[in-house]
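One structure is given below, encoded as C-alpha cells.
Chains as they are written, first to last, in the numbering used here: chain A, 1 to 295; chain B, 1001 to 1295.
Pasting the structure below:
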C-alpha cells in the first residue's frame, strides 16, 4: 500500500503496559505530524516474566487490535514481545512490523569502540537470546561481535521499581548495583537498555556505569528506524520540512485495564498527562486475536 | 449438595499466580485427605495493581474453570481477588466460596490486645477497603475496631521481590523498613499479612516488627475456615480421626502460563517440587468465564 490515503493512516504502537509510552514519546517527537494509536495491555502486564507461547498469544491480540483500527504500521514497543513474537507478527499482519530489538542492536554496534557490549532486560528478553543473536550476527553492514564481547543481565525487579515510582530510593540504587556490577567490572563500553521502563532509570544507571559507557535507549533507536521504514515504503504523512507549522499528529490511547495510580504512572512515562483513554474489554481482545489470520 | 458423591469431589483453589500455593499448602496440611485442584493465572499475574473491573472479570474465569472441573467449594486464595470479586462469585457460582479476607480479619480480631491492628497488602487489596471494613464491623461475635486502631500499608514491591527470590537481600530489608516503619511507629500489636506472597517474608517482617507484634498469616486462617465450612455443609471427605492412615489427597495443578523459573519459584511457595502441571489456553479461559451464569 502506498496511496495517499494510506499515508494518512495512523501508526500503531503496542506494549505490555505503560512502559511503551517512552517509545510513543520518541516517535511523536521525531514524527510530529503522524497520528499514533497506542495500545497498552495493562490488564496482563508484565510480559517479561512469562513464557514464549503466552507472549506470542498476547502480542497477536495486541497487534490485531491495532490493525482493526486501520494502522499503516505496527511498532512493537515491548522488548519481550519483540523477542518472542516479531517473526510471527511479520508473517500474519498485512502491514509492516517494527520491533525494538533490531534498532537497538544496530545502534549498539555503531556505538561500541571495541570493548564488550552489555544488554539488560527482563528474564524473557534475555532468555530468548535475540539480543545476543543480533549482536553476534551484525547488522546494517556492521560486523558482529565475538561471543566474549556480549554480556547480558536479567533485571526482573526494575520494572516494578519504575512502576512504583521509586526512581531515587536507596533500595533502587542497591538493586541496580547488584544487577550492573558484573557489567561494569567487565568494562562494557556500550549498554543497551533492553526494556521500555529502563530509560526512566537512565540517570542512576549512567552514574553507576561511568561516563565512558554509552547507554543505548531503544526508544530513540526505534523512532529513527520507524522514520526510515515509513520513508522507504512511501508511507510518511508529509516530508515535514523544518520550520513547517503543522497541526501536531493526534495521539489515541487504548488500554485493557485502568490500573491503580494510572494517571500518575502514565504521566511519568509520557512526560505529560494522558487524556481520552479508552478501555478495551476481554471480549474485544479475544476478537482481535482472531483477526490477523482470517482478515 | 450433601451426598456422599459430593464429599468425594475436590476442593478448588485459585490465585493470580503461584503465591496461592502457600494457601494450598496450609489446606493440604489441615485436610490431608481432600483432593485439591489448583489454578494459578500465571499468564495475567499480578492482580494487585490492576483495576476492580479487570480483577472481577479474571476471577470469574478462574473460578469458572474450577467449577468446570467439578469442585465442591471454591477457595479464593488471592487477597486482591477476594477483595473485589468475592461477592460476585458468591452470587454466580453453584458451590460455596471462601475468600481469604474474612478469616484473616477474624484471626486478627481474636489476636489483638487493645492496640492498633495493621494490614499490609497490594494497592488493590488496600485500596478496596475490604480489610478496613471487616476490622471496623467486627466478625464472629468479636467487636469491631474504632477507626484509629486500623492502619494499612500498600506494599507493591513485595510480590516481585518474593518472586525474584530476593528474600534475604539487603534491598529487601530496606524496602520492608520503608513499608513497615509507620506501622511499627504506631505500635500495632497485630499485623495481617494480606497477600499470599508475604508469608515467605515472615522472618524479616517479624524481626523488624519485634516479638510483641502477632503476625496473621491468611493461609492458616483460611485453611481453618475451609475446614469449618466443609464440616457445616457435610462436605468433608472423612472425619479424619487422628492416627488414621489414609492415602493423601491428590493435588492437581493448572496454570495459564509456564513462567520463567517456574520450577524454582513454584517449589519455593509449595515447599516441594510441583509435578504434573497442565497449562490452560486463552480460549479455555474465555470459555470458563461464560460458565457460571449460563451453566
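Quick reminder that beta carbons are idealized off the backbone N, C-alpha and C, glycines included.
As the structure is a prediction and not an experimental result, all values here were calculated from the model.
- Neighbours of residue 1175 of chain B in chain A, taken as residues at a C-beta separation under 7 Å, are given in chain order as 171.
- At the C-beta level, residue 1047 of chain B and residue 1022 of chain B stay beyond 8 Å of one another.
- Sequence-ordered contacts of the stretch 117-146 of chain A with chain B read 123, 124 and 127 [C-beta pairs closer than 8 Å].
- Cβ-Cβ separation between residue 136 of chain A and residue 145 of chain A: approximately 6 Å, consistent with a contact (criterion under 8 Å).
- Of the candidates A:58, A:223 and A:193, A:193 places its Cα closest to the Cα of residue 126 of chain A.
- Per DSSP, residue 1230 of chain B is one residue of the alpha helix (DSSP H) stretching across 1218-1232.
- As computed with DSSP, residue 1150 of chain B is found in a beta bridge with B:1117.
- Within a 10 Å sphere around the beta-carbon of residue 1202 of chain B sit fewer than 16 other beta-carbons, which makes this residue exposed.
- Using a CB distance cut-off of 8 Å, residue 1044 of chain B counts as an interface residue toward chain A.
- Taken through DSSP and simplified to helix, strand or coil, residue 1104 of chain B comes out as helix.
- By the 16-neighbour rule on beta-carbons within 10 angstroms, residue 122 of chain A is buried.
- With the criterion set as a beta carbon lying under 9 Å from some beta carbon of chain A, the members of the stretch 1146-1164 of chain B are 1154, 1156, 1157, 1159, 1160, 1161, 1163 and 1164, in sequence order.
- Listed by position along chain B, the residues whose Cβ is nearer than 9 Å to that of residue 36 of chain A form an empty set, because the closest Cβ is around 24 Å away.
- Taking C-beta separations shorter than 7 Å and ignoring five residues to either side along the sequence, the partners of residue 58 of chain A in its chain run 41, 44 and 47, following chain order.
- Of all residues in the stretch 1047-1063 of chain B, those with a C-beta nearer than 7 Å to a C-beta of chain A are 1049, 1050, 1051, 1054 and 1057, reading in chain order.
- Residue 34 of chain A sits in coil when the DSSP states are folded into three classes, being neither helix nor strand.
- Separation of residue 170 of chain A and residue 212 of chain A (C-alpha to C-alpha, rounded to the nearest whole angstrom) is 24 Å.
- Distance from residue 199 of chain A to residue 219 of chain A at the Cβ level is roughly 6 Å; contact confirmed, criterion being Cβ atoms closer than 8 Å.
- Between residue 1259 of chain B and residue 51 of chain A, the beta carbon gap of about 6 Å places them in contact (Cβ cut-off 8 Å).
- In this structure, residue 1134 of chain B places its C-beta atom within 8 Å of the C-beta atom of residue 1102 of chain B.
- By a beta-carbon distance limit of 8 Å, residue 152 of chain A contacts residue 131 of chain A. Their separation comes to about 7 Å.
- Along the length of the stretch 148-201 of chain A, whole alpha helix (DSSP H) runs at least 4 residues long occupy 158-163 and 170-185, reported in chain order.
- The beta carbon of residue 1089 of chain B sits no closer than 8 Å to any beta carbon of chain A.
- Note that the C-beta distance between residue 1063 of chain B and residue 1093 of chain B is below 8 Å.
- Taking a 10 Å sphere around the C-beta of residue 1234 of chain B, we find fewer than 16 other C-beta atoms and assign the residue as exposed.
- When C-alpha distances from residue 1184 of chain B are compared across B:1227, B:1230 and B:1115, the shortest belongs to B:1115.
- Put simply, of B:1009, B:1210, B:1264 and B:1087 the residue whose alpha carbon is nearest the alpha carbon of residue 1066 of chain B is B:1009.
- Residues of chain A with a Cβ closer than 7 Å to the Cβ of residue 1286 of chain B are, in chain order, 286.
- Not one beta carbon of chain B lies nearer than 8 Å to the beta carbon of residue 274 of chain A.
- Here residue 6 of chain A carries a helix assignment [DSSP, helix/strand/coil].
- The beta carbons of residue 11 of chain A and residue 75 of chain A sit closer together than 8 Å.
- Between the alpha carbons of residue 1272 of chain B and residue 1117 of chain B lies a gap of roughly 33 Å.
- Rounded to the nearest angstrom, the Cβ distance from residue 1028 of chain B to residue 1249 of chain B is 7 Å, consistent with a contact under 8 Å.
- For residue 1018 of chain B, no chain A residue has a Cβ inside 7 Å of its Cβ, as the nearest lies near 11 Å away.
- With respect to chain B, the C-beta atom of residue 182 of chain A has no partner C-beta closer than 8 Å.
- Under the Cβ distance rule, residue 258 of chain A counts among the residues neighbouring chain B, one pair being separated by less than 8 Å.
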